[in-house]
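Take a look at the structure below.
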Amino acid sequence: MKKYILIAVLVIGAVGAYIGKTMYDKPVASTSDVKTDLEIDAATLFTEFEQNEQSAGDKYNDKNIAVKGTVQGVTTEGGKTTVILKGGDMGGVSCEMQDNTGVDKLKEGDAVTIKGFCTGYLTDVVLVRCVLQP
Amino acid sequence: MKKQVLVLVLVAVVSAANVFAQGKYITKNGHIEFFSATSMENIAASNDKVSSVLDTQTGKLDFALLIKAFEFEKALMQEHFNENYMESDKFPKSTFKGQVVNIADVNFTKNGTYKVTVKGDLTIHGVTKAVEVPGTITVKDGAISANSKFEVAVADYNIEIPKLVRDNIAKTIAVTVAMNYQPSQN
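The listed protein sequences correspond, in order, to chains A and B.
Going by our numbering, the first residue of the first sequence is number 1, and it counts up by one from there.
Going by our numbering, the first residue of the second sequence is number 135, and it counts up by one from there.
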């Protein structure tokens, strides 16, 4: 009987350790696999941050948002591509792409929807781990 | 007469070179990464959305980045970093405002890598400290890039690491900075 208890404890321990390790090692979720929290257009998003960074931050930071806008520019640096969506006179929405699928075809003036995680506002609203929406 | 023309041409060339070299250089896609090494595990994260302005005339140098734009390999690390250690909802940004002390040593019209010393105020987690770090400025065919590697002591910025994971996170974090600047339109 004691032997069974010991085995049971060992098995539970091993399973627990395995689950714990798996949870600990879980990679950062891919944006495409995460539900979109909200949709907004680039100019509105930029204006909200420009007018009140704090309240806009509370509303949008860490959220997975789909931003609709017009491409202002595409830059690649160190293997990472950034798509800038037109915002206001002083800045826009800077989207750091997760991968470059479809991005190489983008040109200035294109209407697009880009989904990514909002991280806040510097001179642009910054979104990371972005994917281009079909 | 010929001599006068030559002088005139020389003056024109020199001043053109000066105009070209002067002024502000910016980037919005600068790279800053950090590395924590312990016997338990290594933790690395990088941020490719760093804004920086370098004034090649005065040596004024500023950086700003969003804490939430640091990307980790593991989801749990990213979560702990933001929620527990950096409190990025409360302190969304980290900034540096300072000066390249020996900007005069950098010849922005001549290709080369120049050693520089940067001094200023580094703000992390709402705490501002005066720092002095070494770096390099590289000039290549008119393009300007800057690099630096320095260490930051976690305790200096009131970042509390819970006992449970104290052995997993280094007391000093190695920070690597890499910027490629473009001339500012303003």
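For each residue, glycine too, the CB sits at the ideal point set by N, CA and C.
All figures in this text were calculated on a predicted structure; none of them were measured in a lab.
Any beta strand (DSSP E) of 3 or more consecutive residues that is wholly inside the region 23-49 of chain A: 38-41
Quick one: which residues of the region 70-90 of chain A get their C-beta closer than 8 Å to a C-beta of chain B? List them in chain order. T75, E77, G78, K80, T82
Starting from N176 of chain B, follow its DSSP beta bridges and name the residues at the other end. Walking along the second sequence from the start, residue 176 of chain B turns up at place 42. Answer is B:A171, bridged to N176 of chain B.
Chain A contacts from the region 176-210 of chain B (Cβ-Cβ distance under 7 Å): D182, K183, S185, A198, L200, K202, A203, E205, F206, E207, K208, A209, L210
Could you name the residues of chain B that T119 of chain A contacts, counting a contact when the two beta carbons are closer than 7 Å? Residue mapping note: residue 119 of chain A aligns to position 119 of the first sequence, counting from 1. Within 7 Å Cβ-Cβ: L200, K202, A203.
How close, in whole Å, do the beta carbons of Y24 of chain A and L210 of chain B come, if the pair is a contact with beta carbons under 8 Å? Translated into the one-based positions of the first sequence, residue 24 of chain A becomes position 24. Translated into the one-based positions of the second sequence, residue 210 of chain B becomes position 76. The pair is a contact, with the Cβ atoms about 6 Å apart (cut-off 8 Å).
Between which two residues does the alpha helix (DSSP H) containing Q316 of chain B stretch? As a working note, residue 316 of chain B is residue 182 in the second sequence. Unbroken run through Q316 of chain B is the beta strand (DSSP E), 306-317; no alpha helix (DSSP H).
Between S94 of chain A and chain B, is any beta-carbon pair separated by less than 8 Å? Numbered from 1 along the first sequence, position 94 holds the residue referred to as residue 94 of chain A. Closer than 8 Å: yes.
Would you list, in sequence order, the uninterrupted beta strand (DSSP E) runs of no fewer than 3 residues that lie entirely inside the region 195-259 of chain B? 227-234, 246-258
Mind pulling the chain B residues with CB within less than 7 Å of D33 of chain A? Position 33 of the first sequence holds residue 33 of chain A. What D33 of chain A touches in chain B: nothing, since even the nearest Cβ is about 12 Å away.
Let's test the definition: count the other Cβ atoms within 10 Å of the Cβ of I7 of chain A and tell me whether it reaches 16, buried, or not, exposed. Translated into positions along the first sequence, residue 7 of chain A becomes position 7. Burial call: exposed.
Where the beta strand (DSSP E) containing A277 of chain B begins and where it ends: Indexing the second sequence from 1 puts residue 277 of chain B at position 143. Unbroken beta strand (DSSP E) run through A277 of chain B: 277-287.
Less than 8 Å between the CB atoms is what I'm expecting for S282 of chain B and V311 of chain B, so what's the real figure, rounded? Reading the second sequence from its first residue, position 148 is the one you call residue 282 of chain B. Reading the second sequence from its first residue, position 177 is the one you call residue 311 of chain B. Right, their Cβ atoms sit about 4 Å apart.
Whose Cβ in chain B lies nearer than 8 Å to the Cβ of G13 of chain A? Against the first sequence, residue 13 of chain A aligns to sequence position 13. Result: empty, since nearest Cβ-Cβ is about 19 Å, beyond 8 Å.
Kindly indicate which three-state DSSP category I12 of chain A falls into: helix, strand or coil? Residue numbering aside, residue 12 of chain A sits at position 12 when the first sequence is read from its first letter. The answer is helix: DSSP assigns I12 of chain A an H, G or I state.
Please report how far the alpha carbon of N152 of chain B lies from the alpha carbon of D37 of chain A, in whole angstroms. Taking the second sequence and counting its residues from 1, one reaches residue 152 of chain B at position 18. Taking the first sequence and counting its residues from 1, one reaches residue 37 of chain A at position 37. Reliability fails at N152 of chain B, whose pLDDT of 49 lies under 50, so the model's placement of it is uncertain and no value is given.
Proximity below 8 Å, CB of Q233 of chain B to CB of G254 of chain B: For this step, residue 233 of chain B is matched to residue 99 along the second sequence. For this step, residue 254 of chain B is matched to residue 120 along the second sequence. A contact, by the Cβ cut-off of 8 Å.
Here's a check: name, in chain order, each residue in its chain whose Cβ is nearer than 7 Å to the Cβ of D301 of chain B, leaving out the five neighbours to either side. Here residue 301 of chain B is taken as the residue at index 167 of the second sequence, counted from 1. Taken in chain order, the residues that qualify are T172, M174.
Cβ distance (whole Å) where T119 of chain A is taken to contact K202 of chain B below 8 Å: Numbered from its first residue, the first sequence carries residue 119 of chain A at position 119. Numbered from its first residue, the second sequence carries residue 202 of chain B at position 68. Right, the Cβ-Cβ distance comes to about 4 Å (below 8 Å), so this counts as a contact.
For L132 of chain A, the three-state DSSP class (helix, strand or coil): The residue labelled residue 132 of chain A in the question sits at position 132 within the first sequence. The answer is strand: DSSP assigns L132 of chain A an E or B state.
Closest to P317 of chain B by C-alpha separation, out of B:F242, B:E294, B:P296, B:Y248, would be which residue? Working through the second sequence from its first residue, we reach residue 317 of chain B at position 183. When only C-alpha atoms are compared, the closest one is B:F242.
Test: K162 of chain B CB closer than 8 Å to a CB of chain A: Reading the second sequence from its first residue, position 28 is the one you call residue 162 of chain B. Answer yes: the Cβ-Cβ gap between K162 of chain B and chain A drops below 8 Å somewhere.
Neighbour-count burial assignment, P226 of chain B, 16 or more Cβ in a 10 Å radius: By one-based count along the second sequence, residue 226 of chain B stands at place 92. It is buried - the Cβ of P226 of chain B has at least 16 other Cβ atoms within 10 Å.
Beta-carbon proximity check, G13 of chain A vs F46 of chain A, cutoff 8 Å: Position 13 of the first sequence, counted from the start, is the residue given in the question as residue 13 of chain A. Position 46 of the first sequence, counted from the start, is the residue given in the question as residue 46 of chain A. No, the Cβ-Cβ distance between G13 of chain A and F46 of chain A is not below 8 Å.
Quick test of your reading: I237 of chain B and G193 of chain B, contact by CB under 8 Å. State the CB separation rounded to the nearest angstrom. The residue you call residue 237 of chain B lines up with position 103 of the second sequence. The residue you call residue 193 of chain B lines up with position 59 of the second sequence. Going by Cβ atoms, the distance from I237 of chain B to G193 of chain B rounds to 3 Å, so yes, they are a contact pair.
Span of the beta strand (DSSP E) around E77 of chain A: For the purposes of this step, residue 77 of chain A is identified with residue 77 of the first sequence, where counting begins at 1. Unbroken beta strand (DSSP E) run through E77 of chain A: 64-77.
Checking contacts by CB at 8 Å: is P226 of chain B closer than that to chain A? Working through the second sequence from its first residue, we reach residue 226 of chain B at position 92. Output row for P226 of chain B: interface = yes.
Candidates A:T31, A:S30, A:R129, A:S94: closest to T123 of chain A by CA position: Sequence index remark: in the first sequence, residue 123 of chain A carries index 123 (1-based). Considering only alpha carbons, the answer is A:S94.
As a quick exercise: from B:I303, B:G260, B:V273, pick the residue whose alpha carbon is nearest that of K244 of chain B. Locating residue 244 of chain B in the second sequence gives position 110, counting from the first residue. If we check each option's Cα against that of K244 of chain B, B:V273 comes out closest.
If we call anything under 8 Å between Cβ atoms a contact, is H165 of chain B one with G73 of chain A? Mapped onto the second sequence, residue 165 of chain B falls at position 31. Mapped onto the first sequence, residue 73 of chain A falls at position 73. No. Outside cutoff.
Drop a sphere of 10 angstroms on the beta-carbon of I19 of chain A, count the other beta-carbons inside from all chains shown, and report buried for 16 or more, exposed for fewer. Here residue 19 of chain A is taken as the residue at index 19 of the first sequence, counted from 1. Exposed, because fewer than 16 other Cβ atoms sit within 10 Å of the Cβ of I19 of chain A.
CB contact flag (I114 of chain A, L85 of chain A, <8 Å): Position 114 of the first sequence holds residue 114 of chain A. Position 85 of the first sequence holds residue 85 of chain A. Yes, the Cβ-Cβ distance between I114 of chain A and L85 of chain A is below 8 Å.
Quick one, are the C-beta atoms of L200 of chain B and V126 of chain A less than 8 Å apart? As a first step, residue 200 of chain B is located in the second sequence; it is residue number 66 there, counting from the start. As a first step, residue 126 of chain A is located in the first sequence; it is residue number 126 there, counting from the start. Yes. Within cutoff.
Give the secondary structure of D301 of chain B by DSSP, where H, G and I count as helix, E and B as strand, and everything else as coil. Mapped onto the second sequence, residue 301 of chain B falls at position 167. D301 of chain B: helix per DSSP, three-state reduction.
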